[in-house]
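Number of protein chains: 2
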Amino acid sequence: MNDNKYELIYRDLANKIATGIFAVGNYLPSENDLRRQYAVSRETIRKALLALRNEGKIQKIHGKGSVVLGTRPALTSPELKGFTEIAASLDDPTNSRLVQNDSVYVDPERFFGREETIVRANAPGAQPAVLIGRLREVRHQPVSLDRDYVLTDIVPTLPDDPAETSLYAHVEETVAPISYAEREITMTQADWDDHQFLEVQLGTSVVVIRQKVYLTDTRLALLSESRLDPRQFHYREFVRRHLT
Amino acid sequence: MNDNKYELIYRDLANKIATGIFAVGNYLPSENDLRRQYAVSRETIRKALLALRNEGKIQKIHGKGSVVLGTRPALTSPELKGFTEIAASLDDPTNSRLVQNDSVYVDPERFFGREETIVRANAPGAQPAVLIGRLREVRHQPVSLDRDYVLTDIVPTLPDDPAETSLYAHVEETVAPISYAEREITMTQADWDDHQFLEVQLGTSVVVIRQKVYLTDTRLALLSESRLDPRQFHYREFVRRHLT
DNA sequence: TATGATTTGTGCGTATGTATA
DNA sequence: ATATACATACGCACAAATCAT
């Protein structure tokens, strides 16, 4: 949590949109009104509005004002959050079960695409990692089978109870803030684990979301793979055509 | 194309990153150097860098500089572009075949999720639209079956040859700039058309990307559905954890 | 049609704070 | 400690789009 002015204003406005105080389709107060209300400069207001715009919460219309567009939630969404963090914002009961916890070697270069990520210790590009496999349940139904490869060189420790704790929170507390990720979504054939845990038929398709998660200093901290039942998969995002 | 200073600088820097003049892993010149090189104020430079950062092309590190991260291309990517526009940037030969061209009524409220989009003319929420179905081929292989529902009330005319022309370009020339879209990715069972055109087996899974495409004034201009062979589907995007 | 008021967009300058080396 | 580099914040001027008169 930052205490920047524009971020505080951003959160206040985002909250007022989420709770309907600023209703969808209506205009926000003008930048000059907001400037007076928050007693800041116009540039500070504009930074807050830009952040809302980039997330698709408002649309700025030249000469008119800022229209409230609405809000989009989902379990699998463009936000860079861990399951534990998303679960905290859901009403439904959620559960994580540890199903794997091994020391392995991985080659991050082979994580995207359809190659094998786990390699021999002496393979070129091999890095030591801890593999944590967790089955995620919402409303007591399995929704995803997650495997995180935590790079030991960057993240030397792990939470005491990996099933209960947010990996992201642990990394940010013990190493450095998580900053960004490259994400890949593909489809593949269900394997035995998918069949066992996600209760999908062998050989049918499952959705695979892979992420390379980086710290603020661009160091790669972990690889994560999430396998989902295609019947439950729905991914929503907001995309813009232009910078401005 | 805008002729704003910061956008020109953005494009110049993006181009130098794409062509390797600024190599991955290296630092860009400092904001002060860039300010001198382009003979603009520091804020203008910072706007250009912010745009690069938001697209995952650079990472700004406080007190150090801006590291070049790299570039990510793909046929199905987070950019809001039509197939014709993406095809223009590919080396491979591409082709579009018109397979459908009908007048229908749609209910945009029913476009996301798993409901029927095409409704009766007198249904509540029904809007007139032209359905344009096109089979897209790359390297003479079918890659996607696209259906665009162009809302007649907003876009009254259509290009003369819908198979060859970019719908997006036509909308922007005759109506208003396209600004943003809500996108949904799901999976469903292949139907007869998928089997015929995409050459996938009946009943196996296909990827469905649906988009609601809006103009700068927030009017909904068209609905588009893209159905893809899951074996060829790979979607890559860049996501950030924080605003700053 | 034209004009002025309002609102957002772009650009510049300056000052201060904070992180890095 | 000092210099460098990025981050935040304020203020100002003018351009461009919109709308009511």
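Residue numbers (my numbering), protein chains in the order written: chain A, 1 to 244; chain B, 245 to 488. Glycine included, each C-beta is placed from N, C-alpha and C at the ideal position. All values reported here derive from a predicted model rather than from experimental measurement.
query, result
"What in chain A is Cβ-close to Ser470 of chain B, meaning under 8 Å?", "Going along chain A, no residue has its Cβ under 8 Å from Ser470 of chain B, so there is no contact; the nearest lies around 13 Å."
"If you measure between the beta carbons of Thr460 of chain B and Pro400 of chain B, is that distance less than 8 Å?", "no"
"Among the residues of its own chain, which have a CB less than 7 Å from the CB of Phe112 of chain A, if the five just before and after it don't count?", "Glu184, Arg210"
"Across the stretch 429-445 of chain B and the stretch 229-237 of chain A, are there enough close Cβ pairs to call them in contact, namely three or more that are closer than 8 Å?", "yes"
"Could you check what DSSP says for Ile453 of chain B in three-state terms: helix, strand or coil?", "strand"
"DSSP three-state label for Phe355 of chain B, please.", "coil"
"Does the beta carbon of Val150 of chain A come closer than 8 Å to any beta carbon on chain B?", "no"
"Quick one: does Ser41 of chain A have its CB under 8 Å from some CB of chain B?", "no"
"Quick check: is the beta carbon of Phe238 of chain A nearer than 8 Å to any beta carbon in chain B?", "yes"
"Using 7 Å as the cut-off, classify the Cβ of Ala129 of chain A as near or not near the heavy atoms of the ligand ZN, replying yes or no.", "Among the components of this structure there are no ligands whatsoever, and the ligand ZN is therefore not found."
"Who are the near neighbours of Lys212 of chain A in its chain, counting only those whose CB is closer than 7 Å to its CB and skipping five residues on each side?", "Pro108, Phe111, Ala181, Glu182, Leu220, Leu223"
"Under a three-way DSSP split, which group does Thr186 of chain A fall into?", "strand"
"What do you get for Lys64 of chain A, buried or exposed, if any count of 16 or more other CB atoms within 10 angstroms of its CB means buried?", "exposed"
"Cutting at 6 Å between CB atoms, please list the residues of its own chain near Ile398 of chain B, excluding the five before and the five after it.", "Arg463, Ala465"
"With a cut-off of 8 Å, does the C-beta of Glu79 of chain A fall near any C-beta of chain B?", "yes"
"Beta carbon of Arg471 of chain B, beta carbon of Ala407 of chain B: below 8 Å?", "no"
"I want to see whether chain A comes within less than 8 Å of Val268 of chain B, judged by CB atoms only; does it?", "no"
"Determine, using beta carbons only, whether Ser205 of chain A and Ser274 of chain B come nearer to each other than 8 Å.", "no"
"State the beta-bridge partners of Asp146 of chain A as determined by DSSP.", "A:Arg134, A:Ser226"
"Would you list, in chain order, the members of the stretch 178-190 of chain A that have their beta-carbon closer than 9 Å to a beta-carbon of chain B?", "Ile178, Ser179, Tyr180, Ala181, Glu182, Arg183, Glu184, Ile185, Thr186, Met187, Thr188"
"If you draw a straight line from the alpha carbon of Lys60 of chain A to that of Leu379 of chain B, how long is it in whole angstroms?", "35 Å"
"With DSSP run on the structure shown, which of helix, strand or coil describes Arg236 of chain A?", "strand"
"Can you name, in chain order, every residue of its own chain whose Cβ lies under 6 Å from the Cβ of Leu278 of chain B, other than the five neighbours on each side?", "Ile289"
"Return the CA-CA distance between Arg358 of chain B and Ser310 of chain B, expressed in angstroms with no decimal places.", "44 Å"
"Does the stretch 246-257 of chain B come close enough to the stretch 290-300 of chain B that 3 or more CB-CB pairs lie under 8 Å?", "yes"
"How many Å lie between Asp194 of chain A and Leu145 of chain A at the Cα?", "7 Å"
"Smallest Cα separation from Leu281 of chain A: which of A:Val143, A:Ser166, A:Ala129?", "No statement about residue 281 of chain A is possible, as the shown extent of chain A runs from 1 to 244 and does not include it."
"On the premise that Arg241 of chain A lies in contact with Ser423 of chain B, defined as a C-beta separation below 8 Å, what is that separation, rounded to the nearest angstrom?", "6 Å"
"To the nearest angstrom, how far is the alpha carbon of Thr409 of chain B from that of Val444 of chain B?", "27 Å"
"Please confirm whether Ser205 of chain A has its beta-carbon closer than 8 Å to some beta-carbon of chain B.", "yes"
"Would you kindly report the start and end of the unbroken alpha helix (DSSP H) that includes Gln37 of chain A?", "31-38"
"Counting contacts by CB-CB distance shorter than 8 Å, is Ala14 of chain A in contact with chain B?", "no"
"Compare the C-beta of Thr288 of chain A against all C-beta atoms of chain B and say whether one is closer than 8 Å.", "Since the first residue shown for chain A is 1 and the last is 244, residue 288 of chain A is missing from the structure and cannot be characterised."
"Under the rule that 16 or more other beta-carbon atoms within 10 Å means buried, what is Leu319 of chain B, buried or exposed?", "Residue placement at Leu319 of chain B is flagged as unreliable, the pLDDT there being 49, under the threshold of 50; the coordinate-derived value follows with that caveat. Buried, by the Cβ-count rule."
"Do you know offhand how far Val106 of chain A's Cα is from Gln100 of chain A's?", "16 Å"
"Roughly how many angstroms separate the alpha carbons of Arg147 of chain A and His170 of chain A, rounded to a whole number?", "16 Å"
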